[in-house]
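Peer 1: Before I ask anything, let me first share the structure, which is written out below as structure tokens.
Number of protein chains: 2
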Amino acid sequence: MVTMRDVAERANVSIATVSFVINGTKRVAPETRARIEAAIRELGYRRNVVARALASSRTRILALLHPYLEARPIATANQFLMSAAHGARERGYDLVLWPVNDDEQMSHLLAGGLVDGALLMEVQLRDPRVDRLIASGLPFALIGRTEDEDLPFVDMDFTTTIDQAVGHLRSFGHRRIALVTLRMRVSTGNEPGWIMRVKSAYLAAMAAAGEPPTVITVEGTSAGGRKAARRLSADFPQVTGVVVVNEGASAGLVKESRALGRSVPDDLSIISAATTAELGEMIEPSLTVMTAPATELGRLGVNALIDQLEGVPDAPPNILIPCTLVSGQSVGPAPA
Amino acid sequence: MVTMRDVAERANVSIATVSFVINGTKRVAPETRARIEAAIRELGYRRNVVARALASSRTRILALLHPYLEARPIATANQFLMSAAHGARERGYDLVLWPVNDDEQMSHLLAGGLVDGALLMEVQLRDPRVDRLIASGLPFALIGRTEDEDLPFVDMDFTTTIDQAVGHLRSFGHRRIALVTLRMRVSTGNEPGWIMRVKSAYLAAMAAAGEPPTVITVEGTSAGGRKAARRLSADFPQVTGVVVVNEGASAGLVKESRALGRSVPDDLSIISAATTAELGEMIEPSLTVMTAPATELGRLGVNALIDQLEGVPDAPPNILIPCTLVSGQSVGPAPA
DNA sequence: CTGAAAGCGCTTACAG
DNA sequence: CTGAAAGCGCTTACAG
Numbered sequence: 001m002v003t004m005r006d007v008a009e010r011a012n013v014s015i016a017t018v019s020f021v022i023n024g025t026k027r028v029a030p031e032t033r034a035r036i037e038a039a040i041r042e043l044g045y046r047r048n049v050v051a052r053a054l055a056s057s058r059t060r061i062l063a064l065l066h067p068y069l070e071a072r073p074i075a076t077a078n079q080f081l082m083s084a085a086h087g088a089r090e091r092g093y094d095l096v097l098w099p100v101n102d103d104e105q106m107s108h109l110l111a112g113g114l115v116d117g118a119l120l121m122e123v124q125l126r127d128p129r130v131d132r133l134i135a136s137g138l139p140f141a142l143i144g145r146t147e148d149e150d151l152p153f154v155d156m157d158f159t160t161t162i163d164q165a166v167g168h169l170r171s172f173g174h175r176r177i178a179l180v181t182l183r184m185r186v187s188t189g190n191e192p193g194w195i196m197r198v199k200s201a202y203l204a205a206m207a208a209a210g211e212p213p214t215v216i217t218v219e220g221t222s223a224g225g226r227k228a229a230r231r232l233s234a235d236f237p238q239v240t241g242v243v244v245v246n247e248g249a250s251a252g253l254v255k256e257s258r259a260l261g262r263s264v265p266d267d268l269s270i271i272s273a274a275t276t277a278e279l280g281e282m283i284e285p286s287l288t289v290m291t292a293p294a295t296e297l298g299r300l301g302v303n304a305l306i307d308q309l310e311g312v313p314d315a316p317p318n319i320l321i322p323c324t325l326v327s328g329q330s331v332g333p334a335p336a
Numbered sequence: 001m002v003t004m005r006d007v008a009e010r011a012n013v014s015i016a017t018v019s020f021v022i023n024g025t026k027r028v029a030p031e032t033r034a035r036i037e038a039a040i041r042e043l044g045y046r047r048n049v050v051a052r053a054l055a056s057s058r059t060r061i062l063a064l065l066h067p068y069l070e071a072r073p074i075a076t077a078n079q080f081l082m083s084a085a086h087g088a089r090e091r092g093y094d095l096v097l098w099p100v101n102d103d104e105q106m107s108h109l110l111a112g113g114l115v116d117g118a119l120l121m122e123v124q125l126r127d128p129r130v131d132r133l134i135a136s137g138l139p140f141a142l143i144g145r146t147e148d149e150d151l152p153f154v155d156m157d158f159t160t161t162i163d164q165a166v167g168h169l170r171s172f173g174h175r176r177i178a179l180v181t182l183r184m185r186v187s188t189g190n191e192p193g194w195i196m197r198v199k200s201a202y203l204a205a206m207a208a209a210g211e212p213p214t215v216i217t218v219e220g221t222s223a224g225g226r227k228a229a230r231r232l233s234a235d236f237p238q239v240t241g242v243v244v245v246n247e248g249a250s251a252g253l254v255k256e257s258r259a260l261g262r263s264v265p266d267d268l269s270i271i272s273a274a275t276t277a278e279l280g281e282m283i284e285p286s287l288t289v290m291t292a293p294a295t296e297l298g299r300l301g302v303n304a305l306i307d308q309l310e311g312v313p314d315a316p317p318n319i320l321i322p323c324t325l326v327s328g329q330s331v332g333p334a335p336a
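Residue numbers (the UniProt record's numbering), protein chains in the order written: chain A, 1 to 336; chain B, 1 to 336.
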């Protein structure tokens, strides 16, 4: 292994000077710099990240924490990861996906000193991970919001998204519009904050429209989606439009509705929000979707975190971004 | 931050002794150990992972490298990640997903000293990453195989999988059976090794059956799947059975076949291999799938890597695991 | 069974 | 503009 010492010897300087040119932390005479850079090239030197981390007490590694990786489809989560990783790299950081499933693993990660900061996805209304994060003193940013919104976050703009989804259906003449969203098998408060926010936005939109609301929550699986279809058909036959905010259940909902003899979109119009266009295309008929702003959120989230780490003075305020409508074949005129 | 020194002082021992009890690396008198453990508890001490890494030149961090995260659906990749992460943790390691997209990032990762080893997914026949890995001296294990199979790997057993898929279709009376697999936009040799292996296995199976082969390669998207359906319908109308090994294209293939007036499975039977059951359920009709052994491969891969790191003498030989058939509604008797 | 000390490969005041 | 040196928080021969 070639170390900074090797480079220093070859360039006839001290290791401090080598460090200065590598990091650009101090002015170095051009000729000296050139000699050092040549030595680095010739030796193929690469700075040891671990030693640097110990000496500077900064690792420049950021952890992305996502709790539900095994449980549900996560088409958007990968977009988020890649976007955040790119953003991190541009600013000299590595962002890695760190599987963390329990308290012990969380402690290990937080106390180990291996990451400079954390990006939390699927934030819950009352999120014990956030408490730990705060207690540990590790800088973090949230993708999503807790109950109180005084922590640094970026998030989807659910109000705008739901308004647009409902508005889109209403523009096709639909009046009875249901919401199908996610049910978690966790205690109240431990569910992702977006579920509550989606419901609120939906209820507000229906109130504004003067129509009665219908909320159905099911698991984020095809089986969950089928269950939702049966409930809609059996208990709410008047409903002609559905807003789904449940990535994993959308396919099952469409399939089972059709199996029950309800044509999509002739009998039932469906719009799936907070998902990807590619996922919508997998379904028959291709879903009208509202694509999640995963790429934008990834960048914003990681930048918010790094701003914080680097003490950027005018860190931007918390930001909300709505989903984007992509028309498919699952929305049509309300049946007469 | 509470350090080992703090613990040592409180327990009236040297930091060496603290280190010994934390790591269990040396016999320590029971009373001393108890005193130290009490001090650790009382101070809430957690070992600094970075310092440990520098001192021991081991970080106990493993990187999972996956090149195509942005490009294609990766339902199985997450299963793999979670399984490997669990396996790593049981042996005292952390396994993280490290987004690496180019040479520079690869060098950074390999030379930085931050990871003890790497697990490579989507291995190509001639994989430049493998060359770099070898050159860097970093231990690694492959999920998949390069052209020459002399490197440590675990992989799917494509021969058995394809034999079973073809056999399953033939047991329903199908004779003309096509293969739909993945086309990469990369130069030959740089494509994932499994593509070639799947083709070979398929060709061998058809030869054994005495039937002419039909191979169609398309992108791993819904659009790619639709294209495959059109080609099948237009150019190979005699084909009544299809084996798909292209996770992202399976939905499009089914959709477009039906749109072309070909019922699944009445006119066309489809079996999708190397995917997940949940993905199969999203499609109408639910696909008969062969689920990828992602969980097993994750464990085996990470164990092979750790065995190597720890110099386990009888490291198991390379292992191949076939997919598992899960019947859906997409396979039926061949049309008369 | 325990400790003193060197060392892992860097960064960073401090001095010149 | 450059260098000598302390220090980051551990591990690990070595000695006793």
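Glycine is no exception: its CB is placed at the ideal position from the N, C-alpha and C atoms.
How would you list, in chain order, the residues of chain B whose beta-carbon sits under 9 Å from the beta-carbon of E284/A?
Peer 2: By Cβ distance, chain B contributes A251, V254, K255, R258, A259, I283, E284.
Peer 1: So if DSSP puts P316/A in a beta bridge, which residue, or which two residues, is it bridged to?
Peer 2: BP columns for P316/A are empty, so no partner.
Peer 1: If you drop the 5 nearest sequence neighbours on each side, which residues of the same chain put their C-beta closer than 7 Å to that of E122/A?
Peer 2: So the list reads H66, P67, Y68, G144, P192, once near-sequence residues are dropped.
Peer 1: Is V123/A helix, strand or coil by DSSP?
Peer 2: In this structure, V123/A counts as coil in the three-state DSSP scheme.
Peer 1: So the candidates are L309/A, V326/A, E296/A; which of them puts its Cα closest to the Cα of I319/A?
Peer 2: I319/A has its Cα closest to that of E296/A, out of L309/A, V326/A, E296/A.
Peer 1: Under a three-way DSSP split, which group does D267/A fall into?
Peer 2: Note: D267/A maps to coil in three-state DSSP.
Peer 1: With H, G and I counted as helix, E and B as strand and the rest as coil, what does DSSP make of R239/A?
Peer 2: According to the sequence displayed, residue 239/A carries Val and not Arg. In the structure shown, V239/A sits in coil (DSSP, three-state: anything other than H, G, I, E or B).
Peer 1: Should the region 237–248 of chain A be regarded as contacting the region 48–59 of chain A, the criterion being three or more beta carbon pairs within less than 8 Å?
Peer 2: Flag = no, the region 237–248 of chain A and the region 48–59 of chain A do not touch.
Peer 1: Going by DSSP, name the residue or residues bridged to S272/A.
Peer 2: S272/A pairs with V244/A, V289/A.
Peer 1: Check the Cβ of T221/B against every Cβ in chain A and list those closer than 7 Å, keeping chain order.
Peer 2: Residues of chain A passing the Cβ test: E278.
Peer 1: Decide if the region 28–45 of chain B is in contact with the region 96–104 of chain B; the criterion is three or more beta carbon pairs, one per stretch, under 8 Å apart.
Peer 2: Verdict: no, contact absent.
Peer 1: Any idea what DSSP makes of I283/B, helix, strand or coil?
Peer 2: I283/B: coil per DSSP, three-state reduction.
Peer 1: Taking beta-carbon pairs under 7 Å, can you tell me which members of the UniProt domain "HTH lacI-type" (2–56) of chain B lie near chain A?
Peer 2: Flagged, chain order: R46, N48, V49, V50, A51, A53, L54.
Peer 1: Hey, L62/B and L119/B: beta-carbon distance below 8 Å or not?
Peer 2: Result yes, Cβ atoms of L62/B and L119/B sit closer than 8 Å.
Peer 1: Please identify, using Cβ separations under 7 Å, the residues of the region 112–127 of chain A that lie next to chain B, in order along the chain.
Peer 2: Cβ contacts with chain B come from G112, G113, L114.
Peer 1: Whose CA, out of A304/A, F20/A, S107/A, R231/A, lies closest to the CA of L260/A?
Peer 2: Of the listed residues, the one whose Cα sits closest to L260/A is R231/A.
Peer 1: At what residues does the beta strand (DSSP E) containing V215/A begin and finish?
Peer 2: Unbroken beta strand (DSSP E) run through V215/A: 214–218.
Peer 1: Pick helix, strand or coil for L114/A, following the three-state DSSP scheme.
Peer 2: The answer is coil: DSSP assigns L114/A none of H, G, I, E or B.
Peer 1: Identify the continuous alpha helix (DSSP H) that holds V166/A and give its terminal residues.
Peer 2: Its alpha helix (DSSP H) spans residues 158–171.
Peer 1: Taking DSSP's pairing of strands, which residues face A178/A in a bridge?
Peer 2: Answer is T214/A, V242/A.
Peer 1: Sort D155/B, V215/B, S14/B by Cα distance to L300/B and report the nearest one.
Peer 2: For the residues D155/B, V215/B, S14/B, the minimum Cα distance to L300/B belongs to D155/B.
Peer 1: Give, in chain order, every residue of the region 138–158 of chain A whose Cβ lies closer than 8 Å to some Cβ of chain B.
Peer 2: From the region 138–158 of chain A, no residue has a Cβ closer than 8 Å to chain B.
Peer 1: Would you mind listing the alpha helix (DSSP H) stretches within the region 86–111 of chain A that are 4+ residues and don't spill past its ends, in chain order?
Peer 2: 103–111, all fully within the region 86–111 of chain A.
Peer 1: Are any of the Cβ atoms in chain A nearer than 8 Å to that of R85/B?
Peer 2: In the sequence as displayed, the identity of residue 85/B is Ala instead of Arg. Judged by the 8 Å Cβ criterion, A85/B is in contact with chain A.
Peer 1: Does V96/B come within less than 8 Å of chain A when only Cβ atoms are used?
Peer 2: Closer than 8 Å to some Cβ of chain A, the Cβ of V96/B qualifies, so yes.
Peer 1: Let me know the secondary structure DSSP gives P333/A once reduced to three states.
Peer 2: P333/A: coil per DSSP, three-state reduction.
Peer 1: Under 7 Å Cβ to Cβ from R60/B, same chain only, skipping five residues before and after it: list those, please.
Peer 2: Cβ neighbours of R60/B beyond the five flanking positions: G92, Y93, D94, D116.
Peer 1: Does DSSP classify D155/B as helix, strand or coil?
Peer 2: Residue state, collapsed to three classes: strand.
Peer 1: In terms of alpha-carbon separation, which member of I15/B, A336/B, L325/B, S19/B lies closest to P293/B?
Peer 2: Of I15/B, A336/B, L325/B, S19/B, the residue nearest in Cα terms is L325/B.
Peer 1: Secondary structure at A251/B, three-state DSSP: helix, strand or coil?
Peer 2: It is helical.
Peer 1: May I ask you to verify whether the region 206–217 of chain A touches the region 303–314 of chain A, counting CB pairs closer than 8 Å and requiring at least 3?
Peer 2: Too few Cβ pairs lie closer than 8 Å, so no.
Peer 1: In three-state DSSP terms, what is A29/A?
Peer 2: Residue state, collapsed to three classes: coil.
Peer 1: Pick from R185/B, R126/B, V239/B, D163/B: whose alpha carbon is nearest that of P335/B?
Peer 2: Nearest of R185/B, R126/B, V239/B, D163/B to P335/B, Cα basis: V239/B.
Peer 1: List the endpoints of the continuous beta strand (DSSP E) containing V326/B.
Peer 2: 324–326 is the span of the beta strand (DSSP E), which, as asked, contains V326/B.
Peer 1: For P139/A, which of helix, strand or coil comes out of DSSP?
Peer 2: Three-state result, P139/A: coil.
Peer 1: State the CB to CB distance for the pair G8/A and V18/A, rounded to an integer number of angstroms; the pair is presumed to be in contact (CB under 8 Å).
Peer 2: Residue identity check: residue 8/A is Ala in the sequence provided, not Gly. Yes, they are in contact, since the Cβ atoms of A8/A and V18/A sit about 5 Å apart, within 8 Å.
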